[in-house]
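In order, the protein sequences belong to chains A and B. Counting in numbering that gives the first Met the number 0, the first sequence runs from 0 upward without gaps. Counting in numbering that gives the first Met the number 0, the second sequence runs from 0 upward without gaps. Where a beta carbon is used, it is the ideal one built from N, C-alpha and C, also for glycine. As structure tokens, the structure follows; a few thoughts come after it.
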Amino acid sequence: MEKRENVISILVNNKPDVLARVAGTLGGKGYNIESLCVDVTVNPDVSKIILTTIGTKATIQKIEAQLARLIDVIKVENLTDVETVKRELALIRMTLTADNKNELIRKINQLNCKILTFNSDHCVLEFRGSKAEVDKVLETLKPLGIDDVARTGIAALERKN
Amino acid sequence: MKMKGTQILLECLKAEGVEVMFGYPGGAVIDIYDELHRNPAVKHILVRHEQAAVHAADGYARATGKVGVALATSGPGATNTVTGIATANMDSIPIVVFTGQVPTHLIGNDAFQECDITGITRPCTKHNYLVRNPDELASTIREAFHIARTGRPGPVLVDLPKNVIAAEVDYDPAKIRINATKLSLPPKPSSKKFVQMLEMLRASRRPVLLTGGGILLGKASDELRAFARRAKIPVTSTLMGLGAFPGSDPLFLGMPGMHGTYYANMAISHCDLLICIGARFDDRVTGKLDTFASNAQIIHIDVDPSSINKNIVVDLPIVSDAKSALENINRLLKDNNYAPTDAERKDWLEQIEAWKKKAPLAYCQDAEHIKPQCVIETLYELTKGKAIITTEVGQNQMWAAQFYRYDDPNTFISSGGLGTMGYGFPAALGVKLAFPDRIVVDIAGDGSIQMNIQEMATAMQYNIPVKIVLLNNGYLGMVRQWQELFYEKRYSNTDMTFQPDFVKVAEAYGWEAFRAKRPEEIRPVLEKGLFSNRPCLMDFQIAREECVYPMVRPGASISEMTLGTREMTN
Ligand SMILES: Cc1ncc(C[n+]2csc(CCOP(=O)(O)OP(=O)(O)O)c2C)c(N)n1
């Protein structure tokens, strides 16, 4: 069976060790978490974990069933094939030199990156988009000297059209 | 009313109907022990190792269907419980384990006897708790019991920091609220599923029932018996499910899988419909997966959705506890014309009889050496099948499963999933406390018994007259068997010829003890040992290199068995 990336959204009780239980359930069975995004929902007692993991359909169904078994898990949803908005945010710090400055500014405009700080030798950029778009932006900026990157992991929400 | 945490703990245990708990004291739980001294509401059994406390609670739970309870101190006390917890977890046994913890303000500081026991046991409990707030003590305990016993049961650990159990807080049992998000039972399946199942059954000519521990946990033995008999379906049971269907019923096929019977494995390999209830297709049962029941449609009924389609992809999955599923099925079977005629089952049942005749469970009698199978058969005969048997792990466990017939639920008690040596003896203590009038026998190997032999003291201190039938081969027998069969007899580190004189060890603890060296001594030793009102060890010096047969090689199809010296394939 074909492997692919799945986006799983998990509602959990907002308690200290719940993330460890979720991560342990995947890790303990040998599944890797590719990206992870967690925050409290509008209900302060409930958090949402959105993670992506790669696997076949059968594997992902097993993962979902294992997660659903956890006492602190309220709901597990696979958003992979659901109409969703998926977004990721990346913060990118670039090293500035006399050589790359002009080219960088051109690229920043072209790629639709937002400039958060800009000083004589560094700038921090923000980019939002799909995972593929973030990958592409990083690819494009790489030759110009990326100093460091922080990515949030994918957040996803059903459209309910 | 204001109450101290330790008092609240005991009140909660009383409210849950706990009669006995097994434990071992230490600094972090000394306040609980002080409370027990004042208020002996719950009988406490002082074991000699925390692992044994958990196994005893587990044995008690398996024999009674109630929640077993164990208590240990922080740090090493807590880590000693882990094997017991993992054992209960693999077999879905409802127990609650309380551990002491350093005061909350010291947690994370590497305080004396601190360890992160909730972290350690996260993967081997159904759920666990660190109680940080004394106000949540009562509700946490109630939740823990609820979680342990509902749905697919399992062990729950509650870690109790010393300051939490020392605090005084309000306690009002009427006001306890538990977090209900996840605690309700799964929805009942629609009756459509059962109609579909019975349609499949009607179309089937060669059905087999494969049942497991889920029948016992779901207290569905009566319903299973009614179903199998009315629908005339032969029943094979996993190790965990033995006793759910009577071992002496003509429809019973014994255990399938690696050390299953020839006829159970043949029936599974040739059936056209396999109805699995409360079993999880463990690899010891299925052998090579792609040839398992390869001619059959498979129906799988289980309370735990994550058990279904895990190892085997099934044609009809039904998420339900065994009891309500079987009640549904039996109702439909009564109302509609789903029950088969004798003629419809004739060929299949005759075929099964033929397999049973061709290769019954057997062994070679020997005039000089004690055969372990003969010990178990004689034990069966003398106890009229009415003893409750616990086992250790290894050959002793397999012979106990094969040669004693279990007619009643919860009379065969064994560590199936984890295969924990050292389980059977402390488990027997728990069983005997629950059923003081029954004969309770731990069938043991000389390796396993040495893993918790210290509990002989516990049996004496509380006068718990359990019996140990020691099948003493001076080897780690099951591992030696693998070395004989698959490693050209290289007996690396399985020879345990150096051993204590077990009779003297038992006597030193104050037990009765007897030894048998020759076949004709089997019966008199059992007769002397089984019926007295004292703990007794019976040391049977068995044929050292006896093997367990039939055997399916690891990774082979279950239709390819070695039956002792004869190969059988079909
Ligand atoms: C705690 C533990 N350690 C190791 C094993 C691996 N193991 C399985 S069977 C066995 C041999 C058991 O020997 P013994 O108790 O003498 O029983 P026999 O097989 O001889 O009846 C061993 C070492 C185990 N199941 N449990």
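**Message:** Can you pull out the residues from the segment 281–315 of chain B whose beta carbon lies closer than 9 Å to at least one beta carbon of chain A?
**Reply:** Using a CB distance below 9 Å, the part of the segment 281–315 of chain B facing chain A consists of Asp303, Pro304, Ser305, Ser306, Ile307, Asn308, Lys309 and Val312, ordered along the chain.
**Request:** Establish whether the CB of B:Pro122 and some CB of chain A are separated by less than 8 Å.
**Result:** Walking along the second sequence from the start, residue 122 of chain B turns up at place 123. Output row for B:Pro122: interface = yes.
**Asked** If B:Ile438 sits next to B:Leu348, beta carbons under 8 Å apart, how far is it from one beta carbon to the other, in whole angstroms?
**Response** Here residue 438 of chain B corresponds to residue number 439 of the second sequence, with the count starting at 1. Here residue 348 of chain B corresponds to residue number 349 of the second sequence, with the count starting at 1. B:Leu348 and B:Ile438 do not touch by the CB rule: their CB atoms are close to 34 Å apart, not below 8 Å.
**Request:** With a 10 Å radius around its C-beta and 16 neighbouring C-beta atoms as the bar for buried, classify B:Phe111 as buried or exposed.
**Result:** For this step, residue 111 of chain B is matched to residue 112 along the second sequence. Here B:Phe111 is exposed, its C-beta having fewer than 16 other C-beta atoms within 10 Å.
**Request:** Could you tell me whether the Cβ of A:Gly29 comes closer than 8 Å to any Cβ of chain B?
**Result:** Translated into the one-based positions of the first sequence, residue 29 of chain A becomes position 30. Not an interface residue.
**Asked** Is the beta carbon of B:Ser447 within less than 7 Å of some heavy atom of ligand 1?
**Response** Walking along the second sequence from the start, residue 447 of chain B turns up at place 448. Yes, ligand 1 has a heavy atom inside 7 Å of this Cβ.
**Request:** Return the Cβ separation of B:Val41 and B:Lys13 in integer angstroms, given the expectation that the two are a contact with Cβ distance under 8 Å.
**Result:** Taking the first residue of the second sequence as position 1, residue 41 of chain B is located at position 42. Taking the first residue of the second sequence as position 1, residue 13 of chain B is located at position 14. About 7 Å; that satisfies the 8 Å criterion.
**Request:** With a cut-off of 8 Å on the beta carbons, I'd call B:Ser247 and B:Arg404 a contact; round off their distance for me.
**Result:** Numbered from 1 along the second sequence, position 248 holds the residue referred to as residue 247 of chain B. Numbered from 1 along the second sequence, position 405 holds the residue referred to as residue 404 of chain B. Going by Cβ atoms, the distance from B:Ser247 to B:Arg404 rounds to 5 Å, so yes, they are a contact pair.
**Asked** Taking 7 Å as the cut-off, does the CB of B:Leu470 come closer than this to any heavy atom belonging to ligand 3?
**Response** This structure does not include ligand 3; its bound ligands are ligand 1.
**Message:** For a cutoff of 8 Å on Cβ pairs, would you count A:Arg20 as touching chain B?
**Reply:** For the purposes of this step, residue 20 of chain A is identified with residue 21 of the first sequence, where counting begins at 1. So yes, A:Arg20 belongs to the interface.
**Message:** Does the segment 545–565 of chain B come into contact with the segment 252–267 of chain B, if we say contact requires no fewer than three beta-carbon pairs (one atom in each stretch) closer than 8 Å?
**Reply:** By the C-beta criterion, the segment 545–565 of chain B is judged to be in contact with the segment 252–267 of chain B, since at least 3 inter-stretch pairs fall below 8 Å.
**Asked** Who are the near neighbours of B:Gly563 in its chain, counting only those whose CB is closer than 6 Å to its CB and skipping five residues on each side?
**Response** Indexing the second sequence from 1 puts residue 563 of chain B at position 564. If we look at B:Gly563 and ignore the five residues flanking it on each side, its Cβ neighbours are Tyr548.
**Prompt:** Helix, strand or coil: how does DSSP classify A:Gly122 here?
**Reply:** Here residue 122 of chain A is taken as the residue at index 123 of the first sequence, counted from 1. Correcting the residue identity first, residue 122 of chain A is Cys in this sequence and not Gly. It is a strand residue.
**Request:** Output the residue ranges of the alpha helix (DSSP H) runs that lie fully inside the segment 437–481 of chain B and measure 4 residues or longer, sorted by chain position.
**Result:** Within the segment 437–481 of chain B, the complete alpha helix (DSSP H) runs of at least 4 residues are 445–448 and 455–460.
**Message:** What residue range does the alpha helix (DSSP H) around A:Glu63 cover?
**Reply:** The residue given as residue 63 of chain A occupies position 64 in the first sequence. For A:Glu63, the enclosing alpha helix (DSSP H) covers residues Lys56 to Arg68.
**Asked** Does DSSP put B:Tyr548 in a helix, in a strand, or in coil?
**Response** Taking the first residue of the second sequence as position 1, residue 548 of chain B is located at position 549. Three-state DSSP puts B:Tyr548 in coil, outside helix and strand.
**Message:** Are the CB atoms of B:Ala399 and B:Met455 within a distance shorter than 8 Å?
**Reply:** Within the second sequence, numbered from 1, the residue matching residue 455 of chain B stands at position 456. Within the second sequence, numbered from 1, the residue matching residue 399 of chain B stands at position 400. In this structure, B:Ala399 does not lie closer than 8 Å to B:Met455 by Cβ.
**Prompt:** Which first and last residues belong to the alpha helix (DSSP H) in which B:Asn308 is found?
**Reply:** Residue numbering aside, residue 308 of chain B sits at position 309 when the second sequence is read from its first letter. From DSSP, B:Asn308 is part of no alpha helix (DSSP H); its letter is neither H nor E.
**Residues near B:Cys123 by beta carbon distance below 6 Å, same chain, minus five either side** = Position 124 of the second sequence, counting from 1, holds the residue named residue 123 of chain B. Here the set comprises Ile84, Ala85 and Asn88.
**Message:** Can you pull the chain B neighbours of A:Gln109, defined as C-beta to C-beta under 9 Å?
**Reply:** Position 110 of the first sequence, counted from the start, is the residue given in the question as residue 109 of chain A. Per Cβ cutoff of 9 Å: no residues; A:Gln109 is ~48 Å from chain B at best.
**Message:** When you compare the CB of A:Gly23 with every CB in chain B, is at least one pair closer than 8 Å?
**Reply:** By one-based count along the first sequence, residue 23 of chain A stands at place 24. The C-beta of A:Gly23 comes closer than 8 Å to at least one C-beta of chain B.
**Request:** With B:Ala366 as the anchor, note down where its beta strand (DSSP E) starts and where it stops.
**Result:** The count along the second sequence starts at 1 and reaches residue 366 of chain B at position 367. For B:Ala366, no beta strand (DSSP E) segment is defined, and its DSSP state is neither H nor E.
**Message:** According to DSSP, simplified to helix, strand and coil, what is B:Asn569?
**Reply:** Mapped onto the second sequence, residue 569 of chain B falls at position 570. The predicted model places B:Asn569 with a pLDDT of 46, which falls under 50 and marks its position as unreliable; any figure quoted below should be read in that light. Shown here, B:Asn569 sits in coil according to DSSP, grouped into three states, outside any helix or strand.
**Message:** What residue range does the alpha helix (DSSP H) around B:Val392 cover?
**Reply:** In the second sequence, the residue the question calls residue 392 of chain B occupies position 393. In the DSSP annotation of this structure, B:Val392 is not part of any alpha helix (DSSP H), being labelled neither H nor E.
**Item:** N-terminal and C-terminal residue of the alpha helix (DSSP H) that B:Thr80 is part of
**Value:** Stepping through the second sequence from its first residue, residue 80 of chain B is reached at position 81. Note, B:Thr80: premise wrong, no alpha helix (DSSP H); not H, not E.
**Asked** Should B:Ile276 and B:Ala321 be called a contact, given that it needs their Cβ atoms to be closer than 8 Å?
**Response** Here residue 276 of chain B corresponds to residue number 277 of the second sequence, with the count starting at 1. Here residue 321 of chain B corresponds to residue number 322 of the second sequence, with the count starting at 1. A contact, by the Cβ cut-off of 8 Å.
**Asked** Among the residues of its own chain, which have a CB less than 7 Å from the CB of B:Asn569, if the five just before and after it don't count?
**Response** For the purposes of this step, residue 569 of chain B is identified with residue 570 of the second sequence, where counting begins at 1. Any reading at B:Asn569 needs caution, since the residue's pLDDT is 46, under 50, leaving its predicted position unreliable; the model's value is listed next. The beta carbon of B:Asn569 sits closer than 7 Å to those of Met265 and Ser558, all from its chain and outside the five residues before and after it, given in chain order.
**Members of the segment 462–476 of chain B near chain A, C-beta cut-off 8 Å** = Cβ contacts with chain A come from no residue of the segment 462–476 of chain B.
**Prompt:** Looking at the unbroken alpha helix (DSSP H) that takes in B:Cys114, where does it start and where does it end?
**Reply:** As a first step, residue 114 of chain B must be located in the second sequence, where it is residue number 115. From DSSP, B:Cys114 is part of no alpha helix (DSSP H); its letter is neither H nor E.
**Request:** Check each candidate in B:Thr82, B:Leu325 and B:Tyr262 and name the one with the smallest Cα separation from B:Asn451.
**Result:** On the second sequence, position 452 is the one that residue 451 of chain B refers to. Measuring from the Cα of B:Asn451, the nearest candidate turns out to be B:Thr82.
**Asked** Is the shortest distance between the beta-carbon of A:Asp147 and the beta-carbons of chain B less than 8 Å?
**Response** Locating residue 147 of chain A in the first sequence gives position 148, counting from the first residue. Not flagged as an interface residue toward chain B: A:Asp147, since no C-beta distance is shorter than 8 Å.
**Prompt:** Can you pull the DSSP bridge partners for A:Glu4?
**Reply:** Along the first sequence, one-based indexing puts residue 4 of chain A at 5. A:Ile53.
**Item:** Residue span of the alpha helix (DSSP H) that contains B:Tyr128, given as start and end
**Value:** For the purposes of this step, residue 128 of chain B is taken as the residue at position 129 of the second sequence. It is not in any alpha helix (DSSP H) - B:Tyr128 instead sits in the beta strand (DSSP E) that spans His126 to Leu129.
**Request:** Using a cut-off of 8 Å between C-beta atoms, extract the partners of B:Thr117 located in chain A.
**Result:** On the second sequence, position 118 is the one that residue 117 of chain B refers to. Residues of chain A whose Cβ lies closer than 8 Å to the Cβ of B:Thr117 are, in chain order, Asp16.
**Prompt:** How about B:Leu484: is its Cβ closer than 7 Å to a heavy atom in ligand 1?
**Reply:** Within the second sequence, residue 484 of chain B is the residue found at index 485, counting from 1. Checking the Cβ of B:Leu484 against ligand 1 gives no.
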